[in-house]
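Notes for the one structure printed next.
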Amino acid sequence: MRRILILGGTTEASRLAAALQGQPAILSYAGRTEAPRAQPVPVRIGGFGGAEGLARYLRQEGIGRVIDATHPFAAQISRNAIAACAATGVPLLALQRPEWQPGPGDAWTRVPDIAAAARALPRAPGRVFLAIGRQHLAEFAGLPHHFLLRLVDPPQALPLGRVSVEIARGPFDAAGDTALLRRHGITLVVAKNAGGAGAEAKLAAARALGLPVVMIDRPALPPRAVVGAVDAVLDWLHADLGL
Ligand code: 3Y8
Ligand code: NAP
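Just so we're aligned, residue 58 is where the sequence shown starts under the numbering used here, counting upward by one.
This is the structure in structure tokens:
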């Protein structure tokens, strides 16, 4: 029985790890946050060193299956997993939640990437909930808006002038996010189309308050086998684990 590598960092990855408790699985984090959530399987933290480093890891650790359960915007690790699994012949399956779709009462402007989101903001100064984390804030520097950020860990320096920061790790709920947007007098929400339930609350809050949303589409990825639910992953692993 060979080992299972879960590329993690999402709610679905944590759910899969729980389902594989007791099996020869290991969950991998990039090490973006100071104290990632504890998991019921062994965890490794840190980059592999590109696709070559990941291929070396697969060989050295006797990995027989890779599940890419990373976030849809974590495009680099997903590209590396495709390359490393092709190079080593280790079967790869992506576990990815479906995209969010606008519903009745939603006022979405869809943009292809984070830079386009910055260009899509209104010219008149507003109060913008920039719910995209910490890594891509420079795109919004120099704009006249007051930004609300929600970060996992307290930030060092921020490239934005007028800014309020909430330190919180999701998953979030609609009541909490509605209160958050009200408290900060938010006039517009910027979000990544992450999908899943862990980040969806801000969309329900924007709908409740009649606020416009700038929705950033996912980066394109090379073709790979993808499923949308943990059970489908367990079916795929069936041959190995007799689940
Ligand atoms: C380090 C692991 C779990 C997984 C929870 C999900 C839900 C909460 C919602 C908002 C949006 C955002 C951000 C977000 C969410 C879940 C999930 C999800 C969005 C942790 C985690 C790691 C990260 C990395 C972090 C990024 C940032 C993005 C904050 C752990 C909590 C904005 C993405 O400070 C930094 O450098 C943070 C970086 C990548 C995006 C960015 O570019 O800044 N996630 N988030 C993972 C690692 O090291 O490998 O600390 O426990 C995981 C989760 N974040 O098991 O409960 O499944 O989506 N994460 C986005 O979706 O827009 C917050 O505020 O509404
Ligand atoms: P990324 O841009 O796709 O990856 C950048 C580099 O980080 C990769 O090349 C790899 O380094 C390392 N890396 C990324 N994920 C890793 C993992 N799970 N295990 C080991 N190394 C990993 O990734 P990102 O967007 O910064 O996301 C980092 C982590 O945060 C991922 O686990 C992702 O699931 C989670 N996350 C991201 C978002 C988001 O909005 N991007 C949201 C929620 C959670 P090497 O090349 O050295 O191997």
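A virtual CB, placed ideally from N, CA and C, is assigned to each residue, including glycine. Quick caveat, the model's predicted, so the values are computed rather than measured.
| query | In the structure shown, what three-state DSSP assignment does A173 receive? | reply | Position 116 of the sequence shown, counted from the start, is the residue given in the question as residue 173. DSSP places A173 in helix when its eight states are reduced to three.
| said: For E196, report the span of its alpha helix (DSSP H) as first-last. | reply: Walking along the sequence shown from the start, residue 196 turns up at place 139. E196 -> no alpha helix (DSSP H), and no H or E assigned at all.
| field | beta strand (DSSP E) segment containing L237, residue limits | value | As a working mapping, residue 237 is identified with position 180 in the sequence shown. Segment 231-240 is the alpha helix (DSSP H) holding L237; no beta strand (DSSP E) there.
| field | Span of the beta strand (DSSP E) around E223 | value | Counting from one through the sequence shown, the residue named residue 223 turns up at place 166. It spans 220-224 - the beta strand (DSSP E) in which E223 sits, taken as one unbroken run.
| Any chance the CB of A225 is under 8 Å from a heavy atom of the ligand 3Y8? | Taking the sequence shown and counting its residues from 1, the one referred to as residue 225 is at position 168. Under cutoff, so the answer is yes.
| Residue from T90, A70, V123, L84 whose Cα sits closest to the Cα of R281 | In the sequence shown, residue 281 corresponds to position 224, counting from 1. The shortest C-alpha separation from R281 is found at V123.
| field | Assigned exposure category for T103 - 16 Cβ within 10 Å defines buried | value | As a position in the sequence shown, residue 103 is number 46, starting the count at 1. Per the sequence shown, the amino acid found at residue 103 is Gly instead of Thr. Answer is exposed; the Cβ neighbour count stays below 16.
| message | Can you give me the C-alpha to C-alpha distance between G267 and D163, rounded to a whole angstrom? | response | Within the sequence shown, numbered from 1, the residue matching residue 267 stands at position 210. Within the sequence shown, numbered from 1, the residue matching residue 163 stands at position 106. Going from the Cα of G267 to the Cα of D163 covers about 8 Å.
| Which residue or residues does DSSP assign as beta-bridge partners of I139? | Taking the sequence shown and counting its residues from 1, the one referred to as residue 139 is at position 82. None, per the DSSP bridge assignment.
| Going by C-alpha distance, which of G110, V220, L150, G65 is nearest L187? | Here residue 187 refers to the residue found at position 130 when the sequence shown is read from its first residue. Nearest option by C-alpha distance: V220.
| said: Can you look up T145 in the DSSP assignment and give me helix, strand or coil? | reply: The sequence position of residue 145 within the sequence shown is 88, counting from 1. Looking at T145 - three-state DSSP - the assignment turns out to be helix.
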